[in-house]
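Here the protein sequences line up with chains A and B, keeping their order. Mapping of the first sequence onto my numbering: residues 21 to 379, in sequence order. Mapping of the second sequence onto my numbering: residues 21 to 379, in sequence order.
Protein chains: 2
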Amino acid sequence: MRVYNFSAGPAMLPQPVLEQARDDMLDWDGSGMSVMEVSHRGKAFVACAAQAEARMRAVLGVPDNYRVLFLQGGAFGQFAAIPLNLAQAGRPVEFLNTGQWSAKAIAEARRYAPVNVIADEAASKYTRVPASDSFAVDPQAAYLHYTPNETIGGVEFGYVPEVGQVPLVADFSSTILSRPIDVSQYGLIYAGAQKNMGPAGLCVVVVRDDLLGQARPETPSVWDYAKMAKNDSMLNTPPTFGIYLLGLVLQWIADSGGLEAMGERNRAKAETLYSFIDESPFYSNPVAPDSRSWMNVPFLVADADLERTFVSEATAAGLTNLAGHRSVGGMRASIYNAMPIEGVHALINFMKQVERTHG
Amino acid sequence: MRVYNFSAGPAMLPQPVLEQARDDMLDWDGSGMSVMEVSHRGKAFVACAAQAEARMRAVLGVPDNYRVLFLQGGAFGQFAAIPLNLAQAGRPVEFLNTGQWSAKAIAEARRYAPVNVIADEAASKYTRVPASDSFAVDPQAAYLHYTPNETIGGVEFGYVPEVGQVPLVADFSSTILSRPIDVSQYGLIYAGAQKNMGPAGLCVVVVRDDLLGQARPETPSVWDYAKMAKNDSMLNTPPTFGIYLLGLVLQWIADSGGLEAMGERNRAKAETLYSFIDESPFYSNPVAPDSRSWMNVPFLVADADLERTFVSEATAAGLTNLAGHRSVGGMRASIYNAMPIEGVHALINFMKQVERTHG
């Protein structure tokens, strides 16, 4: 029996996608082989990868002057690959620090380039994003990096930072494909697949053409954007099963009405859950209302001793992975694209029941 | 209907493994979730990864003073990661060049360290491995790198190079788990999963303890062996589905009699196919008999114009992916662990039929 899985990532996948993967497992598209068993350079898989890219371009609205790359090493790998590809001698790279993922990206970037953190929400304990007029980017910066959504704190930007001509770089791992964005506002966006796109092990990079070709000599070839772009992401063997699944997920999004419809669904799911929490004296969410994530909803119970009971009883009720991140405790409901509104309703009903029993 | 798939990689997987993956797809181990949907830090997946590592240690015979790492970026990523982790200032790294994969590893290493190629089979057109007494390793070398099996040329070492105290580093991508090896003879072995271990996107590194902790400051964290060892390969999100499948493949090997039995099967498959080729006036294999690969068998037909016909008629007969590598032409049958002897017999019967028709 399928459960409602609130994992922050790897996370719930659309059931029709899993059913297709199951049905294709021994005989993909009449080939007599799994998609995992075919050469990445054969016609069938080259077409599969091209279709995944075409669907990504259509669904996300990727302009023609951007390349879509399918890489390995996760977003954490890109924390190194981005400065290796984009940092310029004598110019700083700048960051907004809004949580643990920003902080990890900053720590890794410092090993390759001088870093300026021009807005830092550590003092607010990462309970909000900085106001849009509270920081200014150095026009000489090689790029500004930010994290549009922080999975642990549950904060999300409601605006796109103003950067002038400086390339804007964004770690979209936990919010990509959750609502429409204007790709042309970014120099580079990247995202690990394991939240809204597919299985762990695939990282998608969307990068503007003019940022290619500046990689430092010591950049590993499999992370050199220009080399990977030239080789259609197949300088080496790509994570073929992940690319295949991404194609299925994108088709599911397109069939579900695209990012406009996905955004409306996600807005409704988030508003429903935050409204319930705000109206309850028993539950609370620490995040400033204008900074709340649509994807990751951390919440506390009035009595912290109840947290373990909450999580274990929820699991027994078919609502899994509700424990907060180990570094912050509490609870967290991650409600990515694949979580239906029915899952949110089931969670709220369960929360009401806990409140009645223990409140 | 399943076919006999002779792809060089990604390659055929054992059918029982694919059946298990199919059956687990929507509900892994009674969890109500796919293994792809669960947190890598949750108890269930941590146990799954630990089991895969334990099986790898048992099947391959990994001594206690070696770490088993599950990384991303493929063997090509390791072409950079190895010099970043192991090269030492003022000391050369040395290579044996036996084919296109050695050559790629050499080209990438040159970007990080001074490289000496101490044996080079380019002159033989990569039709043999160097004689064991034809090269000598500099005792000051940081390591000697070689490629025990070359998928394109179809050459394989029948011996382990003598290195004294110099760490021996080996790209086992296309021969790992195909027969017993003595891990203690190596400083580091690594292998992309997509030939004998599982899906593309997982790279296994087995490294001796004393080689950890020497990474250069600019080593990307996700490829820093010491950091990854300290974090049980979960500094970042690992390729969870690949690790799960690796565990299933290892269980299948153990159930099939382990590497001794696997080696006997692979020897029999290879000897059967090479014997047929050698006895036929119509087919030929260019590799010196003592250097022939058990995994990748390139062959030519007397009339090169027949190659396309051969490949297309083979595909129609359920024998797929028999075209040689695009850089060398001809045909190639890759007969990894998952290829049963029946597949080799079917191939030989088909080859006889082509010879009767066109010979």
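Yeah, the Cβ is synthetic: ideal placement off N, Cα and C, and Gly gets one too. Computed from a predicted model, the values in this text were never measured in an experiment.
According to DSSP, simplified to helix, strand and coil, what is residue i?
i: N357/B; result: coil
i: R376/B; result: helix
i: R75/A; result: helix
i: T340/A; result: strand
i: E141/A; result: coil
i: R285/A; result: helix
i: N369/B; result: helix
i: F90/A; result: strand
i: M56/A; result: helix
i: R352/A; result: strand
i: L164/B; result: strand
i: Y294/A; result: helix
i: Y380/B; result: Here chain B covers residues 21 to 379 and nothing more, so residue 380/B does not appear.
i: V269/A; result: helix
i: V175/B; result: strand
Give me the chain A residues within the contact set of residue i, using Cβ-Cβ distance strictly less than 9 Å, ordered along the chain.
i: T438/B; result: The structure shown does not extend to residue 438/B, since chain B spans only 21 to 379, so no value can be given for it.
Taking Cβ-Cβ distances shorter than 8 Å, what residues in chain B pair up with residue i?
i: V242/A; result: G93, G94, F96, G97, A100
i: M21/A; result: D47, G52
i: S59/A; result: S27, A28, G29, P30, N341
Closer than 9 Å by beta-carbon distance: list the chain B residues that pair up with residue i, in chain order.
i: A190/A; result: None at all; the shortest Cβ gap to chain B is about 18 Å.
i: G233/A; result: The contacting residues do not exist; G233/A stays about 16 Å from chain B at best.
i: G110/A; result: By Cβ distance, chain B contributes nothing, its closest Cβ being about 18 Å from G110/A, past 9 Å.
Give the interface partners of residue i over in chain A, defined as CB-CB distance under 8 Å, in chain order.
i: A3/B; result: Beyond the ends of chain B as shown, which are 21 and 379, falls residue 3/B; an answer cannot be given.
i: E73/B; result: In chain order: nothing, as chain A lies at least about 17 Å away.
i: L62/B; result: Sequence check: residue 62/B is Gly here, not Leu. Ordered by position in chain A, the residues that pass the 8 Å Cβ test against G62/B are S27, N341.
Chain B partners of residue i, CB-CB under 7 Å?
i: M56/A; result: P30, L33, P219
Whose Cβ in chain A lies nearer than 7 Å to the Cβ of residue i?
i: P237/B; result: R131
Give the residues from the stretch 324-343 of chain A that approach chain B closer than 8 Å (Cβ to any Cβ), ordered along the chain.
G338, T340, N341
Report yes or no: do three or more beta-carbon pairs, one from the stretch 151-168 of chain A and one from the stretch 191-205 of chain A, lie closer than 8 Å?
yes
Between the stretch 24-39 of chain B and chain A, which residues of the former have a C-beta closer than 8 Å to a C-beta of the latter?
Within the stretch 24-39 of chain B, contact with chain A at the beta-carbon level (separation under 8 Å) is assigned to N25, S27, A28, G29, P30, A31, M32, L33, Q35, L38, E39.
When the Cβ atoms of the stretch 364-376 of chain A are set against those of the stretch 30-50 of chain A, are three or more pairs found closer than 8 Å?
no
The stretch 259-274 of chain B: positions lying closer than 9 Å to chain A by Cβ:
P259, T260, F261, G262, L265
So if I threshold CB-CB distances at 8 Å, which residues from the stretch 345-378 of chain B count as touching chain A?
R346
Residues of the stretch 151-178 of chain A with Cβ closer than 7 Å to any Cβ of chain B, in chain order
none
Quick check: the stretch 218-238 of chain B against the stretch 296-310 of chain B, are at least 3 beta-carbon pairs closer than 8 Å?
no
Would you call the stretch 176-189 of chain A in contact with the stretch 199-218 of chain A, where contact means no fewer than 3 C-beta pairs closer than 8 Å?
yes
Any alpha helix (DSSP H) of 4 or more consecutive residues that is wholly inside the stretch 182-253 of chain A:
245-250
Are the stretch 345-365 of chain B and the stretch 280-291 of chain B touching by the rule of at least three beta carbon pairs closer than 8 Å?
yes
For the structure I just gave you, are there three or more beta carbon pairs, one from the stretch 66-77 of chain B and one from the stretch 266-273 of chain B, closer than 8 Å?
yes
Give a yes or no on contact between the stretch 253-264 of chain B and the stretch 279-286 of chain B, applying the rule of three or more CB pairs nearer than 8 Å.
no
Can you check the stretch 298-348 of chain B for any beta strand (DSSP E) of at least 3 residues that lies completely inside it and give the ranges in chain order?
Runs found: 316-321.
Would you list, in chain order, the members of the stretch 116-135 of chain A that have their beta-carbon closer than 8 Å to a beta-carbon of chain B?
E128, R131, Y132
Does the count of Cβ pairs from the stretch 82-99 of chain B and the stretch 213-228 of chain B closer than 8 Å reach three?
yes
Could you tell me which whole alpha helix (DSSP H) segments of length 4 or greater appear in the stretch 104-158 of chain A?
120-129
Within the chosen definition, does the stretch 147-161 of chain B reach the stretch 110-117 of chain B through at least 3 CB pairs nearer than 8 Å?
yes
Do the stretch 239-247 of chain B and the stretch 98-109 of chain A touch if we need at least three Cβ pairs shorter than 8 Å?
yes
Would you call the stretch 25-36 of chain A and the stretch 52-59 of chain B in contact, with 3 or more CB pairs under 8 Å?
yes
Decide if the stretch 115-131 of chain A is in contact with the stretch 247-257 of chain A; the criterion is three or more beta carbon pairs, one per stretch, under 8 Å apart.
no
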